[in-house]
Structures are given as structure tokens and as C-alpha cells.
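Below is one structure; the comments refer to it alone.
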Amino acid sequence: TIEEPPSHAVFILATTDAHKVPSTIMSRVQKFYFKPIESKEIEKHLSEICKKESIIIAVDALGLIAESAEGSMRDALSLLDQVSSGHKEVTLKSVQSSLGLSDQASIDKLVTNVLAGNLEYIPSTLNQIIEKGADPRAMGLQIYQNLKSKISSYEDFSTLAELLTVGSLSKPILGIEIILLKLASRIN
Numbered sequence: 019t020i021e022e023p024p025s026h027a028v029f030i031l032a033t034t035d036a037h038k039v040p041s042t043i044m045s046r047v048q049k050f051y052f053k054p055i056e057s058k059e060i061e062k063h064l065s066e067i068c069k070k071e072s073i074i075i076a077v078d079a080l081g082l083i084a085e086s087a088e089g090s091m092r093d094a095l096s097l098l099d100q101v102s103s104g105h106k107e108v109t110l111k112s113v114q115s116s117l118g119l120s121d122q123a124s125i126d127k128l129v130t131n132v133l134a135g136n137l138e139y140i141p142s143t144l145n146q147i148i149e150k151g152a153d154p155r156a157m158g159l160q161i162y163q164n165l166k167s168k169i170s171s172y173e174d175f176s177t178l179a180e181l182l183t184v185g186s187l188s189k190p191i192l193g194i195e196i197i198l199l200k201l202a203s204r205i206n
């Protein structure tokens, strides 16, 4: 039926593995490749929705939602729905909390200690961030994004990249601590 469909039939196939579709089918279809939506477009669309729904949202909160969606409008809409549910005002803090993110000042303080090689302050700073409710997996990505432009050697960058895998650990905060201590000891 797929190879020789009746004229009234239309099939829509969606896959992330187009290379697995048989060539007999690929030769008879129109292909559309989708790319992630830019954050500015997501932000604009979410802003229009907020206006229509009378949701007051901080500009930086809107930007964080759009950035966190990583090009997916569906994910952005789900997050907006989640943070605005029961509230008519959405703040940056409420979005950070929903995403399990730490506030930027805490991440900056941690990064400053890593770059200064202050080994004794890293564990306590990490614990303070976790006590405020940050998710260690999300925090690992925040630290990575903050430090990646400040690291110059390949060896340090390789160590930093390990932060992207700590989410799979049973105790991600311990993994983050070990990576940052290793990085700080090499920098100093």
C-alpha cells in the first residue's frame, strides 16, 4: 500500500532515521527536513500567547524558556504552561525553579572559585547551590556553558566536557565536584 498507494491516499511519515526508510519508498516521497526554531522566534510566539492569555512574564524569563526549549516550540509551550499554571505573573526565578536551574550569581561565584583555583571553596559553594534547590544535572550544563569560553587548553576543555555526562551518574553532584576540583587544581 505504501509503495503503490491509491490516488486518494496521502501518507505522512515522520522519522529521525530517514536512512532506514527503504529506497523504494524514498524515491516516491517528498522530503522535508525540519530544523530547530530559533530562540528569537520562540520568544516572539510565546510573547504573543502571553498577551492573548493575559500572562505577565518577565522578558528574561521569556528568553530563558525559549533558550531551554532548544529549538522545540512544543517544549517551550509546555514549559510556559507549566510555569504559568495558576499564576498570572511569571518571573525569571519561577522559570529557573521549574527547570532546576541555579541563579546566575551563584554559578558566577562557583566559576570564579574554579578559575582562581580555590579548591577549598568549591564543595561548599556547590552545596549552597544544591540547598537552594538546583538540580545537579541542570547545574552541570549551566557550569559548562559558563566556563567553556574561559578555558583555553584542550586538556582543561576535555575535563570540562565531562560535566555534560554527569546526569547519568547516580550522584551527579559528586561528579560535578570531582570535575571542578580537577579543573581548578590544573588551572592554579
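With my numbering, the residue at position 97 of the sequence shown is 115, and numbering never jumps. Positions of the beta carbon are idealized from the N, C-alpha and C atoms, including for glycine. Just so you know, these numbers come straight off a predicted model, no measurement behind them.
Residue i, buried or exposed, once every other Cβ within 10 Å from all chains shown has been counted against 16
i: Val47; result: exposed
i: Ala134; result: exposed
i: Ser171; result: exposed
i: Glu71; result: exposed
i: Ser45; result: exposed
i: Leu31; result: exposed
i: Leu181; result: buried
i: Ser86; result: buried
i: Ala152; result: buried
For residue j and residue i, the rounded distance between their alpha carbons
i: Gly158; j: Ile191; result: 8 Å
i: Asp126; j: His26; result: 60 Å
i: His78; j: Val108; result: The question names His, but residue 78 in the sequence shown is Asp. Cα to Cα, the separation comes out at about 10 Å.
i: Ile211; j: Asp174; result: Given a span of 19 to 206 for the chain in the structure shown, any question on residue 211 remains unanswerable.
i: Thr177; j: Ser41; result: 43 Å
i: Pro54; j: Ser103; result: 26 Å
i: Ser57; j: Glu88; result: 8 Å
i: Ile8; j: Thr33; result: The first residue shown for the chain is 19 and the last is 206, placing residue 8 beyond what the model contains.
i: Lys150; j: Ile43; result: 53 Å
Endpoints, the alpha helix (DSSP H) within which residue i is located
i: His63; result: Ser57 to Lys70
i: Asp174; result: Tyr172 to Ala179
i: Pro8; result: Residue 8 lies beyond the residue range present for the chain, which begins at 19 and ends at 206; the question has no answer from this structure.
i: Gln163; result: Pro154 to Leu165
Contact set for residue i: own chain, Cβ-Cβ below 8 Å, skip 5 residues either direction
i: Lys203; result: According to the sequence displayed, residue 203 carries Ser and not Lys. Same-chain partners within the cutoff: Gly135 and Leu137.
i: Arg92; result: none
i: Ile147; result: Ser120, Ser124, Ile125, Leu128 and Met157
Cutoff 7 Å; reference residue i; Cβ partners in own chain excluding five residues on either side
i: Ile83; result: Leu64, Ala94, Leu97, Leu98 and Val113
i: Pro23; result: Phe29
8 Å contact criterion, which residue i and residue j should meet: CB distance rounded
i: Leu199; j: Ile140; result: 6 Å
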